[in-house]
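Structure first, then comments.
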Amino acid sequence: MHTVWKGAISFGLVHVPVKMFSATEDKDISMKYIHTACGSPISYVRRCPTCDKDTTWEEISRGYEYEKGKYVLFEKEELEQLSAQTEKTITILDFVDLTEIDPIYFQKTYYLSPDQAGSNAYQLLLEAMHQSGKIGIAKIAIRSKSSLAAIRVMEGCLAVETIFYPDEIRPIAQVPNLPENISVNDKELSMAKLLIEQLSTPFEPAKYTDDYRESLLHLIEQKIAGEEISLAPAKPQTNVIDLMAALQASIEAVKPVVTDPGPAKRTRKTAAKKPAAGAGGEDAPQNDELAPKPKKRTSSKAKKTIS
């Protein structure tokens, strides 16, 4: 794996030299914009509209727009000096429980391995965190971007999860059209909870796949092979939803399949459901031929023999 960052973990006076590697990879299928007339890829150029000419990287600096059309400029060296003191150290500030962090804070995961002569300190920190069940909250700067991070143990390896600062999380109050007074139908709620219970299962990440990416790769292979492609029309959607019907259909769809118990068990089960002879009410059979026949009385002598 490619080394993303080199530095050290610092907690208290302990210094742990480490290397950082990206734990995830983007598997999005990259496509370019193509000029339809000639089939050539469209290039993007760095061009100054005022000077009306293309520019090189050496002519470019960074700028912050503080008013419309007005910028304060920064040289690369100024920005590098600003982060020089923190970019080589992951400073652990606190140790907390992982369950205390809402998933909305997590950004990207990296793996850490011991660097140089830091193996003993690395193993010490890993085992101490493993046995305590705690994770470390730290500050880190990667590629001039400062962020919070959570350091935790993953299968015998220290991992860093970059996390957002609190002021980077938008308040829920900004979300439009949220219901103020929640009122639901009790029967619909019961069926929804039943559906959740039937769909509940242990988390197995291996069973989830990117269906869109697989379909797109298949489509690419077909186009390369020169096959004629026809896509099925999308099903029309309606905004009118019968919640009860949708819930009932969903529950029926996830019900476990009941196997046939066999002739003997099925006969006993059917016989057990028949009403007793002479039973009245609306469910009693009206046709004499369908009505259950009365059982023969057993004599006391026969009863005695049986017992």
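If you use UniProt numbering, the sequence shown corresponds to residues 1 to 307, in order. Note that CB positions come from ideal geometry on N, CA and C, so glycine has one too. Just so you know, these numbers come straight off a predicted model, no measurement behind them.
Cβ-Cβ distance between residue i and residue j below 8 Å
i           : j      : result
MET20       : VAL160 : yes
ALA23       : TYR110 : yes
TYR71       : GLU77  : no
ILE198      : VAL254 : The displayed chain sequence assigns Gln, not Ile, to residue 198. Contact: yes.
LEU93       : ILE137 : yes
ALA150      : ILE163 : yes
LYS27       : PRO41  : no
ALA194      : LEU158 : One detail in the question is off: residue 194 reads as Leu in this sequence, not Ala. No, Cβ-Cβ distance for LEU194 and LEU158 is not below 8 Å.
residue 308 : LEU243 : Lying before the first or after the last residue shown, residue 308 is absent from the chain, which here runs from 1 to 307.
residue 317 : LYS139 : A question about residue 317 goes unanswered here, because the residues of the chain that appear run from 1 up to 307.
Inter-residue Cα distance where the pair is residue i and residue j
i      : j      : result
THR89  : TRP5   : 10 Å
SER190 : LEU247 : 10 Å
PRO114 : PHE74  : 35 Å
MET1   : ILE182 : 50 Å
HIS15  : ILE9   : 6 Å
ILE207 : PRO103 : Looking at the sequence provided, one finds Lys at residue 207 rather than Ile. In a straight line, the C-alpha of LYS207 is about 21 Å away from that of PRO103.
ARG143 : GLN222 : 40 Å
ILE172 : LYS53  : 45 Å
SER250 : SER200 : 14 Å
GLY7   : LEU13  : 15 Å
HIS218 : LEU98  : 40 Å
GLY69  : GLY63  : 11 Å
GLU58  : LYS145 : 22 Å
CYS51  : HIS35  : 27 Å
Cross-strand partners of residue i (DSSP beta bridge)
i      : result
GLU65  : TYR71
CYS157 : MET154
LEU195 : For LEU195, which the question treats as bridged, DSSP gives no partner whatsoever.
As assigned by DSSP and simplified to three states, the class of residue i
i      : result
HIS218 : helix
GLU77  : helix
ARG213 : helix
LYS134 : coil
THR36  : coil
GLN107 : strand
ALA276 : Low confidence applies here, because ALA276 scores a pLDDT of 46, under 50, leaving its location unreliable; read the following figure in that light. In the structure shown, ALA276 sits in coil (DSSP, three-state: anything other than H, G, I, E or B).
LYS145 : strand
Proximal residues to residue i (C-beta, below 7 Å), its chain only, five neighbours per side dropped
i      : result
LEU216 : ILE29
HIS130 : VAL153
Contacts around residue i, its chain only, beta-carbon distance under 8 Å, and the 5 residues preceding and following it disregarded
i      : result
TYR165 : SER147, LEU148
Cut-off 6 Å between Cβ atoms - residues of its own chain near residue i, not counting five sequence neighbours on either side
i      : result
PHE11  : ILE92
VAL45  : ASP54
SER43  : none
LEU185 : Note that residue 185 corresponds to Asn in the displayed sequence, not to Leu. The answer is none, since no qualifying residue turns up.
THR3   : LYS19
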